[in-house]
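Just remember that the working numbering sits 69 ahead of the position in the sequence shown, which is counted from 1. Cβ atoms here follow ideal geometry from the backbone N, Cα and C, with glycine treated the same way. What you are looking at is a predicted structure, and each value in this text was computed from that prediction instead of being measured. What follows is one structure encoded as structure tokens, with my remarks underneath.
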Amino acid sequence: VGAADAVRRFGPPSEIARAYAEAAMPDRLRRSCVAAALLGGVTLLLMRLRTVILDIPGGGDPLTWFDRGGLLAALACIGAAWWMASRRRIALVRRWLHIAVGSLALSVGASLVRAFQGASGDSAHALIVGTALVELMLLGALMAQLAQLDRYARRLAA
């Protein structure tokens, strides 16, 4: 069976890819929202862990505001994305999740700078680096989910 036979039987590859993307989109939306929610929850827990163990004061300095504000903005964006996903508003889900990634990156960065400023000793630095690696790996996983979601959306638009 040659390529011409396959195209005659199943259609052009672009149509097959579009049909696959359309069938897989609800699951891809759900996975992306779940990954974002998990990252938001883990970020909150690790931020709290660093604050408690390292006894970092929660003052009114700009880093604290970026840390907390970024996390709250990310959680709000994740909630909006989840709500839009239930209505299959693909473009809005993508937009809200991209904003959430940026907000989470801001929060994680500010939290790590705050932790390093208040830390002393090798064990404190090991805790900060360890939690940072977890957060960065999860952020990378969420970005990979979003890249896949973007790829499927482009196939649907074609």
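Next on the checklist: Spatial neighbours of isoleucine 125 within its chain, please: C-beta separation below 7 angstroms, excluding the five flanking residues on both sides.
Outcome noted: These residues qualify, in order along the chain: Arg119, Arg183, Ala184 and Gly187.
Checklist entry - Which of the three DSSP states, helix, strand or coil, is assigned to alanine 188? => result Looking at alanine 188 - three-state DSSP - the assignment turns out to be coil, as it is neither helix nor strand.
Checklist entry - Over what stretch of residues does the alpha helix (DSSP H) that includes aspartate 96 continue unbroken? => result First-last of the alpha helix (DSSP H) with aspartate 96: 82-122.
Item to check | Reduced DSSP secondary structure (H/G/I, E/B, other) of aspartate 130 | outcome: Looking at aspartate 130 - three-state DSSP - the assignment turns out to be coil, as it is neither helix nor strand.
Item to check | Alpha carbon of glycine 139 to alpha carbon of glycine 129, nearest angstrom | outcome: Whole-angstrom Cα-Cα distance: 15 angstroms.
Next on the checklist: Report the CB separation of glycine 109 from leucine 144 in whole angstroms; it is logged as a contact under 8 angstroms.
Outcome noted: Correct: roughly 5 angstroms between the Cβ atoms.
Checklist entry - With distances taken from CA atoms, which of Ala174, Leu175, Gly148 and Ser176 is nearest arginine 163? => result Measuring from the Cα of arginine 163, the nearest candidate turns out to be Gly148.
Checklist entry - Alpha carbon to alpha carbon, what distance is there between alanine 90 and alanine 222? => result Approximately 7 angstroms between the Cα atoms of the pair.
Checklist entry - Given a threshold of 16 other Cβ atoms within 10 Å of its Cβ, counted over all protein chains shown, does isoleucine 85 qualify as buried or as exposed? => result In the assembly as shown, isoleucine 85 is an exposed residue. Its beta-carbon has fewer than 16 other beta-carbons within 10 Å.
Checklist entry - Do you know whose CA, among Gly80, Val203, Gly178 and Ala104, lies nearest histidine 167's CA? => result Looking from the CA of histidine 167, the closest CA among Gly80, Val203, Gly178 and Ala104 belongs to Ala104.
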